[in-house]
Amino acid sequence: MFLKRLISGAVILSITILFGVLGGPALAAALCVISCMGYYEFTTATKVRNGDQKLNILQAIGLITIVAYYIAILVQDNMYCPEVMSVWFNKTVGTFNMFTVLVLLIFVVGFIGILYAYIFTYPKYHFSQVSYSVFGMIYIGLTLSFVYYIRELPRGIYLVWMPFITAWVSDTCAY
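Take the position in the sequence shown, starting the count at 1, then add 391; the result is the number in this note's numbering.
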């Protein structure tokens with residue numbers, strides 16, 4: 392049992408180091424996959440699915456929202472963004488730039504989509520399933536992306552390790 396945990400920990404650590412050093416689109420794509428897997432596992436653990444379904448409409452809308460958010464991150468990156476769009480993304484409206492407005496729009500549309508699915512299939516889902524799917528979409532999809540934002544800072548290659556080190560030290564000390 393210990394050997395299995397040691398090997399899986401070493402594999403996860405090496406993958407974390409690889410994508411942390413690469414950064415950019417590779418890190419964003421890896422975080423998108425991890426966010427989708429985490430969202431699926433979270434909604435499975437909180438019983439958003441009924442019975443032996445593979446995927447329901449609430450989970451599908453949440454996954455689509457998370458993928459759309461990571462696509463927006465990749466498009467916003469200057470490598471994949473034409474100059475006109477780059478100017479638009481960085482244009483400020485009040486205290487927000489347009490990229491922030493786009494991110495809010497993506498998550499609001501996902502939230503409204505989940506609510507529509509709940510309303511139009513009313514007796515099929517409970518309110519707790521809806522709230523878990525919305526919470527997971529925001530909590531897992533949005534918060535994990537901050538690893539990408541930390542990595543994209545000027546000294547991000549060094550700072551990106553702080554969330555991981557903090558979590559590992561806290562877990563070790565709690566044990």
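Ideal Cβ positions, reconstructed from N, Cα and C, are used throughout, including at glycine.
None of these values were measured; they are calculated from a predicted model.
- Just so you know, the alpha carbons of Ala436 and Arg542 end up roughly 30 Å apart.
- Where Thr435 is concerned, the enclosing alpha helix (DSSP H) starts and stops at Gly415 to Ala436.
- Counting other Cβ atoms within 10 Å of its Cβ, Gly527 reaches 16 or more and is therefore classed as buried.
- Each residue's CA atom was taken as its position, placing Leu535 and Leu422 some 7 Å apart.
- By the criterion of a C-beta distance shorter than 8 Å, Ile505 is surrounded in its chain by Leu449, Ile452, Gly453, Val521, Ser524, Val525 and Met528, once the five residues flanking it on both sides are discounted.
- Its chain contains Gly411, Ile541 and Arg542 as the residues whose beta carbon lies nearer than 6 Å to that of Val551, once the 5 sequence neighbours on both sides are disregarded; these appear in chain order.
- Rounded to whole angstroms, the separation of the alpha carbons of Arg440 and Thr434 is 7 Å.
- Of Phe502, Ile548, Lys445 and Gly532, the smallest CA-CA separation from Gly429 is found for Gly532.
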